[in-house]
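A short worksheet on the structure shown next.
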Amino acid sequence: MKTFKGRVIAGGNWEGEAVVSHGGFNTLATFQKSAMANKKEVIAADQNNKDIFGLNITGKALCLPITIGSTTGGLVIQTVSSMGINPKCFLFSEHIDSLAASGIVLARVWENSDVIAVDMLGEEFLNTVRTGDIVKVEEDGTVTIL
């Protein structure tokens with residue numbers, strides 16, 4: 003068991019499975035296929051991200067350094083949240099980027115989503131957590147890998 007402390011962007015308490023992306027997370031490439039097909043879950047479609055390609059990320063703790071890609075990133079996060087197929091948590095090792103931050107805020111305010119976001123968890127967090135690990139997220143930004 004290892005604990006990390008980050009900065010709360012959108013707080014909440016939750017425990018569940020982690021999915022880890024060590025490289026930048028392309029929101030449009032990952033979510034678009036499932037969202038456009040009106041699927042009940044997101045199967046990561048970004049072929050350039052070998053860490054998560056083909057994995058179900060709906061309802062999981064998405065552990066990542068930062069999001070990358072198109073300026074539609076925030077809208078994509080809001081859209082999958084409105085569909086109820088979003089990751090439950092976005093756990094950033096680095097500072098959250100403006101596009102991800104805007105999407106998470108829009109999801110919480112406009113879509114009444116309970117999506118959680120914590121940033122600045124550090125490089126050690128991303129080097130420690132593994133896909134399939136159970137993580138516990140607390141309202142104060144504490145993340146424990148169980």
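Heads up, the sequence shown is in my numbering, so the first residue is 3 and it goes up one at a time.
Ideal Cβ positions, reconstructed from N, Cα and C, are used throughout, including at glycine.
As the structure is a prediction and not an experimental result, all values here were calculated from the model.
Whole-angstrom distance between His-24 and Pro-67, CA atom to CA atom: Their backbone Cα atoms lie some 7 Å apart in a straight line.
Straight-line CA distance for Gln-80 to Ala-109? 5 Å
Alpha-carbon spacing of Asn-51 relative to Ala-39, whole angstroms: 21 Å
Looking at Ile-147 and Val-131, is the spacing between their C-beta atoms short of 7 Å? yes
Tell me the rounded alpha-carbon separation between Val-111 and Val-117. 11 Å
If distances are taken between C-alpha atoms only, which option among Phe-6, Thr-144 and Thr-32 comes closest to Leu-57? Thr-32
Determine which residues share a DSSP beta bridge with Glu-19 and list them. Ile-136
Would you kindly work out how many angstroms separate the C-alpha atoms of Gly-143 and Asp-99, rounded to a whole number? 17 Å
Completely contained beta strand (DSSP E) runs for the region 5–86, where each covers 3 or more residues: The DSSP assignment places 9–12, 16–22 and 63–66 as complete runs of the beta strand (DSSP E) inside the region 5–86, in order along the chain (cut-off: 3 residues).
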